[in-house]
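Residue numbers (the numbering used here), protein chains in the order written: chain A, 483 to 677; chain B, 448 to 625.
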């Protein structure tokens, strides 16, 4: 499965993932703590970084789903006569989103996972890290499997029915997930379990 | 032990797969994506603990940079947008839905629908509305009324969740955690 990490290697890829995430946390808190105009500067920071690193087109594409959300917020504030506050809110959201995406784009999944497992260490008595890592690997393996199954089922539906796809498709995929879980559990047990 | 681990992982994958399938006609002519339906199903089928863990696992992998949310969205950025509150509410929604299912003597369509509405709509909006208010810079009341446009679609999803859960309970007796 493709991750959102950029395949184009940049200097930021070599920075430590923990450092980048800590920086992002500080950046996001500051963005909400500082007054309105700072959000413009906040958006400038990831913008300048992506331009300098040659990641700008890729970074900009990630904003696509957020554009309508920004427009709704602007229109909403416009209707209630608070347009400047609306602009600040949208800029702030775009700045936080842009900075977070920059970190996602320049950090490999394995590095992110290492930070996550380190953060999850206090939970070790409840969720042992090895089990957590196995669960994550299973999800990554089974998303394409279930997606393919869903695609095949919807093709079969279209071949047989002129009606739009309905809830029985969800039932079939859910049942597939439950059955796969049983099979994988048996396979794990047969190989000595997860301990 | 293995079974609960694989169910948590497979249902996390199911939430992602439900975001990838072509939009489903929910019966009211408005096609909507089915990811919140996946969250409700985690609660109704896996129960409170495992359902919440499956949703947490899904969100963790999304945050790590996998494009698992509908429309191929992912990364830490999704937790900074106006819909972040809804995502944060998801695991708690699955937990509440599962806990309500646990109180039922048997899996019924009406009971499952009520559990999915309480968890998948009540709890999700309890977190989602303040999220909108915070990010959009609006008072809570306005954010509440603004987000009500999505509720009819969510009620339909709760209905589908009830139908699917009852059908699964019949197809695989003993697997639904009620």
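The beta carbon of each residue, even a glycine, is placed where N, CA and C say it ideally should be.
Assigned exposure category for residue i - 16 Cβ within 10 Å defines buried
| i | result |
| --- | --- |
| residue 508/A | exposed |
| residue 516/B | buried |
| residue 643/A | exposed |
| residue 489/A | exposed |
| residue 475/B | No answer about residue 475/B holds up, because its pLDDT of 43 lies below 50 and its placement is not dependable. |
| residue 539/A | exposed |
| residue 461/B | buried |
| residue 482/B | buried |
| residue 550/B | exposed |
| residue 559/A | buried |
| residue 553/B | exposed |
| residue 593/A | buried |
| residue 623/A | exposed |
| residue 477/B | Caution applies to residue 477/B, whose pLDDT of 44 falls short of 50 and renders its modelled position unreliable; the model cannot decide the point. |
| residue 463/B | buried |
| residue 604/A | exposed |
| residue 632/A | buried |
Three-way DSSP call (helix, strand, coil) for residue i in this model
| i | result |
| --- | --- |
| residue 462/B | helix |
| residue 449/B | helix |
| residue 509/A | helix |
| residue 521/A | helix |
| residue 546/B | helix |
| residue 588/A | coil |
| residue 468/B | coil |
| residue 592/B | helix |
| residue 562/B | helix |
| residue 585/B | coil |
| residue 547/A | helix |
| residue 646/A | coil |
| residue 509/B | helix |
| residue 491/A | coil |
| residue 570/A | helix |
| residue 499/A | helix |
| residue 531/B | helix |
| residue 623/B | coil |
| residue 494/B | coil |
| residue 475/B | Because residue 475/B sits at a pLDDT of 43, beneath the cut-off of 50, its placement in the model cannot be relied upon, and the following sentence gives the value as read from the coordinates. Of the three classes helix, strand and coil, the one that applies to residue 475/B here is coil, per DSSP. |
| residue 439/A | Absent from the model: residue 439/A. The displayed extent of chain A is 483 to 677, so no value can be given. |
| residue 605/A | helix |
| residue 562/A | coil |
| residue 554/B | coil |
| residue 532/A | helix |
| residue 679/A | Because chain A in this structure spans residues 483 to 677, residue 679/A falls outside the shown range and cannot be described. |
| residue 516/A | coil |
Residues sharing a beta bridge with residue i, DSSP
| i | result |
| --- | --- |
| residue 520/B | 516/B |
For residue i, the first and last residue of its enclosing alpha helix (DSSP H)
| i | result |
| --- | --- |
| residue 570/B | Neither: residue 570/B is in no alpha helix (DSSP H) and is coded neither H nor E. |
| residue 665/A | 649 to 672 |
| residue 615/B | 598 to 618 |
| residue 639/A | 611 to 642 |
| residue 486/B | 482 to 488 |
| residue 540/A | 538 to 543 |
Proximal residues, the region 628 to 655 of chain A versus chain B, C-beta separation under 7 Å: 628, 629, 632, 636, 646, 647, 648, 649, 651, 652, 653 and 655
Positions along the region 559 to 573 of chain A whose CB lies within less than 9 Å of some CB in chain B: 559, 562, 564, 567, 568, 570, 571 and 572
What residues from the region 535 to 564 of chain B come within 7 Å of chain A, judged by C-beta to C-beta, listed N to C? none
Near-chain B residues of the region 539 to 551 of chain A (beta-carbon distance less than 8 Å), N- to C-terminal order: 544, 547, 548 and 551
In the region 593 to 607 of chain B, which residues sit with their C-beta less than 7 Å from some C-beta in chain A, listed in chain order? 593 and 607
Please list, in chain order, the residues of the region 598 to 622 of chain A that have any C-beta partner in chain B closer than 9 Å. 598, 602, 609, 613, 614, 616, 617, 618, 619, 620, 621 and 622
Along the region 448 to 464 of chain B, what residues have a CB closer than 9 Å to any CB found in chain A? 448, 449, 450, 451, 452, 453, 454, 455, 456, 457, 458, 459, 460, 461, 463 and 464
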